[in-house]
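K.L.:
Mind the numbering: the sequence shown is residues 86 to 647 in the numbering used here, read in order. Ideal placement from N, C-alpha and C gives every residue a C-beta, glycine not left out. Every value quoted in this text rests on a predicted model; they were computed, and no experiment measured them. One structure is given below, represented as C-alpha cells, and several questions about it will come after.
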Amino acid sequence: MTAPDTGLAAHEGEPVTIFGPDFPFPYDDWLKHPAGLGHIPNDCHGREVAIIGAGMAGVVAAYELMKLGFKPVVYESRRIGGRLHSEPFKGAEGVIAELGGMRFPKSSTGFYHYLDRCSLATQPFPNPLAAATPSTVIDLEGKSIYIEDQDQLTPLLKEVGAAWHEALESEANFRAMQSAIRDRDVAAIKQIWNELIPTWDDQTFYGFVANSAAFKKHTFRHLETFGQVGFGTGGWDTDFPNSMLEILRVVYTNCDEDQHFVVGGVEQVPRGLWKDQPNDLVHWPAGTSLNKLHSGAPRPGAAKLDRCGGNKVRVTDSWGDQREFEAVLVTCQSWLLTTKIDCDETLFSQKLWMALDRTRYMQSAKTFVMVDRPFWKDKDPDTGRDVMSMTLTDRLTRGTYLFDLGSDKPGVICLSYSWMSDALKMLPLPVERRVQLALDALQKIYPKVDIKSHIIGDPLTVSWEDDPNFLGAFKGALPGHYRYNRRMFCHFMQSDMPVAQKGMFIAGDDVGWIPGWVEGAVQTSLNAVWGIVNHFGGGTFSNNPGPGDRFDELAPLELFDP
Ligand SMILES: Cc1cc2nc3c(=O)[nH]c(=O)nc-3n(C[C@H](O)[C@H](O)[C@H](O)COP(=O)(O)OP(=O)(O)OC[C@H]3O[C@@H](n4cnc5c(N)ncnc54)[C@H](O)[C@@H]3O)c2cc1C
C-alpha cells in the first residue's frame, strides 16, 4: 500500500465534486492515471467473471475488467443501460424521452470520464430558475408567478431560499464542508462528517428543516412552500421522510447544481462503452470490445445463484444454462436478490441480507409527449411573456420540463416527473389517462395554451416500481439506515470474510451513498473492480492506489453495530 501521489495543491480552487463525504477516495484521479487501475496474474488472463446487470455499474465493471485481461460475462434481463433509458419517440428521428436518469451534475466526475470516452456532447439541463431555462412558473395554491431571473422571486420564496441556506450552514457546517471537498482535505471532511452522522442518521429531512432555527422563525407556509419548490431541482417534500444524511450528501457534493443532459440520450454512455474498443487492453487483441466478447448481446437474465465445488459460484440463466465463476458481481437492485433471483442465502452474511432487504426504494413516474415545435417560446401578445414555462406546481404534475431541440425540430415535454405518493397516483393508469390528467392540470395554469394541438406521435410513460427488473426508481435511505448503507458499501473489502462468502460482489447506485445519482453506480462499480482484482491475487500500481488500498485511511465511520 502506497500513499497517493496526488497532492492537495493539485485540487486547490477546483470545483466541488462527489468526493466523499463518507468515503473520500478520488475515483476520478484513479481512473485518469496513466498507470491504469491495476494488474492481474498472467494465469488469470481470459478468466471469466460474471456480471449480473448491464446498467451503468455492470457495464463500467465489465469494461474495466476486460481492459485488465479478464473475460466479463454479462447477464441482462431487460436492456443494456438499465435505468439510463433513452426511449425514442416512434416515427421521429433522434427524439427521445429520458425515462430514467436525465440530468447529470458536473460534480459526477467518474460518470463524465466515461461520457467523454464515448465523445458525447452535453447541454445545460432546463431546470427551474437555471440560466439555461428561459422562464419558470411556480404555481402554488392556485396562484402562478412567472420568473425570468431570480430578482423576480417573491419575498416568500426569497425567505424560503435564505432559510434553507441558513439551516444548512448552522446545522451542517455547509461552507466548511464544501471547501474541504474542493480542497480534497480528507481530515477536514472526516472531522465535520463524522460528527454529523450519529445525529442526522436518526432524523428525517422534514425533522431537519422543521426543527431548524432558520425555519422556526418563519411560518408553516414557509416550510410547506419549501416542500413544494425544494432546492436545486424542485419537488422535495417527497423526500421529507428520507434520512437527512442522504440530503446532506446531495447538497454538499453539488448533485443539485450545474446539471447537464446528454444530447441524443444518456443511454449512449453504457451502449458506447459496450461497443468501445479500448487501445489500452491487456491480453485481448486490438479491436476487442464487450460487444465482440458477447457475440453481440449480453447473456439472458440470471435466475439462480448458488455455491458449487471449489468455491465457485454457479449462475443459472433464465433458460437454465449454467456456468461456474470464481467471482460474480451483482449490480441489479438488491431486492431482486429475493424476488427475481433464487439466491443461495449462504452467499452473503445475515447482516448483509438485513441491509439488502431493508433497502428502501422510492417510486417515480414520468410522462412525456413530443410536440411539433418548441411553441412555449412564443410570446403572449398581452404580457410579452413566454406562453409556457418550466413549471413547478403543487398540482399532480409537480415538475414539467421543456426540451428545445431547435426551432425547426420537434420539441419534447416531460409533462410530469413525480416521486413517491405523487408517482403512486399514476401507477395503475394507462398512458392516455396520465397525459390527460397532466394536460388538465397544466390547462389550469396556462388557460390560453392548447398544448394538445401541438402533440405529435405517441406519448411515453414509465413507473419504475411497476417493472420486475427494478421494483423502484432508486434507493431513498430512511433514518437509521446508515449502518445498512455502510455494510453494503464496504462489502468489496473481503479479506476478513468467511470463504463461503468470498467472490460475491455487489455494486450499483443502491450500494452507494448517493442513490438516485449515477455517480454512485460508477463509484461502487470501481470498488468492485478493485475487489475482484484482489480476489484473483492481482493488485494496483504503487503510484495509483485503489479504493481498497486506502480503505483503512478513508473508511466510513463505523457506528456501534453489535
Ligand atoms: C426516474 C429516475 C431518474 C433518475 N435521475 C437521475 C439523474 O437525473 N441523474 C443521475 O445521475 N441519476 C439519475 N438516476 C439514477 C441513475 O439512473 C442510476 O443511478 C443508474 O442508472 C443506476 O445504474 P445501476 O447499474 O446501478 O443500476 P441499473 O441501471 O438498474 O442496472 C441494473 C440492471 O440489472 C438488470 N437486471 C435486473 N434483474 C436482473 C437479472 N435477474 N439478471 C440480469 N440482469 C438483471 C436490470 O434490467 C438493469 O439493466 C435516475 C433514476 C431514475 C429511475
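Identify which residue in 634, 185, 242 and 553 has its Cα closest to the Cα of residue 163.
P.N.:
Answer by Cα proximity: 553.
K.L.:
Looking at residue 572: is its Cβ nearer than 8 Å to the Cβ of residue 644?
P.N.:
Going by C-beta atoms, residue 572 is not nearer than 8 Å to residue 644.
K.L.:
Is it buried or exposed, residue 247, if we count other Cβ atoms within 10 angstroms and call 16 or more buried?
P.N.:
Counting Cβ neighbours within 10 Å, residue 247 comes out exposed, since fewer than 16 surround it.
K.L.:
What does a CB cutoff of less than 7 Å around residue 327 pick up in its chain, not counting 5 residues either side in sequence?
P.N.:
Excluding residues within five positions, the ones whose Cβ falls inside 7 Å are 289, 290, 561, 562 and 563.
K.L.:
Is the region 594-607 touching the region 334-342, taking contact as three or more C-beta pairs under 8 Å?
P.N.:
Yes, the region 594-607 touches the region 334-342.
K.L.:
Closer than 7 Å: is that where the CB of residue 443 sits relative to any heavy atom of ligand 1?
P.N.:
No, since every heavy atom of ligand 1 falls outside the 7 Å radius drawn around the Cβ of residue 443.
K.L.:
Could you name the residues that DSSP lists as bridge partners for residue 529?
P.N.:
BP columns for residue 529 are empty, so no partner.
K.L.:
What residue from 140, 147, 280 and 225 has the CA that sits closest to residue 641's CA?
P.N.:
Checking every option, the nearest Cα to that of residue 641 belongs to 280.
K.L.:
Would you mind giving the Cβ-Cβ distance between residue 188 and residue 344, rounded to the nearest angstrom? I have them listed as a contact below 8 Å.
P.N.:
Sure, about 4 Å apart at Cβ, within 8 Å.
K.L.:
For the alpha helix (DSSP H) containing residue 449, list its first residue and its last residue.
P.N.:
Unbroken run through residue 449 is the beta strand (DSSP E), 449-456; no alpha helix (DSSP H).
K.L.:
Regarding residue 141 and ligand 1, is the C-beta to nearest heavy atom distance less than 7 Å?
P.N.:
Answer for residue 141: yes, Cβ within range of ligand 1.
K.L.:
On the CB-based measure, 16 or more other CB atoms within 10 Å of its CB, does residue 127 come out buried or exposed?
P.N.:
It counts as exposed.
K.L.:
Please determine whether the Cβ atom of residue 499 lies at a distance below 7 Å from any heavy atom of ligand 1.
P.N.:
No, since every heavy atom of ligand 1 falls outside the 7 Å radius drawn around the Cβ of residue 499.
K.L.:
Please determine whether the Cβ atom of residue 417 lies at a distance below 7 Å from any heavy atom of ligand 1.
P.N.:
Answer for residue 417: yes, Cβ within range of ligand 1.
K.L.:
Where residue 174 and residue 211 are concerned, what is the direct C-alpha to C-alpha distance, given to the nearest angstrom?
P.N.:
If you take the alpha carbons of residue 174 and residue 211, they lie about 20 Å apart.
K.L.:
What first and last residue would you give for the alpha helix (DSSP H) that runs through residue 392?
P.N.:
Where residue 392 is concerned, there is no enclosing alpha helix (DSSP H), although the beta strand (DSSP E) it sits in stretches over 387-393.
K.L.:
How far does the alpha helix (DSSP H) with residue 404 in it reach, from first residue to last?
P.N.:
From DSSP, residue 404 is part of no alpha helix (DSSP H); its letter is neither H nor E.
K.L.:
Which of the three DSSP states, helix, strand or coil, is assigned to residue 480?
P.N.:
Three-state DSSP puts residue 480 in coil, outside helix and strand.
K.L.:
Expressed to the nearest angstrom, what Euclidean distance is found between the alpha-carbon atoms of residue 493 and residue 335?
P.N.:
Cα to Cα, the separation comes out at about 37 Å.
K.L.:
What's the gap between the Cα of residue 527 and the Cα of residue 225?
P.N.:
If you take the alpha carbons of residue 527 and residue 225, they lie about 12 Å apart.
K.L.:
Assign residue 120 to one of two classes, buried (16 or more other C-beta atoms within 10 Å of its C-beta) or exposed (fewer than that).
P.N.:
Result: exposed.
K.L.:
Put residue 321 into one of helix, strand or coil per three-state DSSP.
P.N.:
Three-state DSSP puts residue 321 in a helix.
K.L.:
Verify the contact flag: residue 512, CB atom, against every heavy atom of ligand 1, threshold strictly below 7 Å.
P.N.:
Result no, Cβ not under 7 Å from ligand 1.
K.L.:
For ligand 1, is there any heavy atom lying closer than 7 Å to the beta carbon of residue 455?
P.N.:
No; taking the cut-off as 7 Å, the Cβ of residue 455 has no heavy atom of ligand 1 nearer than that.
K.L.:
Would you call the CB atoms of residue 84 and residue 192 closer than 8 Å?
P.N.:
Lying outside 86 to 647, the shown extent of the chain, residue 84 is not represented and no answer is given.
K.L.:
Given a cut-off of 8 Å on the beta-carbon distance, is the pair residue 448 and residue 505 in contact?
P.N.:
Yes; because the gap between Cβ atoms is below 8 Å, this pair is in contact.
K.L.:
Just confirm the distance between the C-beta atoms of residue 363 and residue 141, as a whole number of angstroms; I'd bet it's less than 8 Å.
P.N.:
Incorrect: roughly 17 Å between the Cβ atoms, too far for contact.
K.L.:
Is it right to say residue 503 is buried, meaning 16 or more other beta carbons lie within 10 angstroms of its own, or is it exposed?
P.N.:
Buried, because 16 or more other Cβ atoms sit within 10 Å of the Cβ of residue 503.
K.L.:
Within 10 Å of its beta-carbon, does residue 249 have 16 or more other beta-carbons around it, so buried, or fewer, so exposed?
P.N.:
Label assigned to residue 249: buried.
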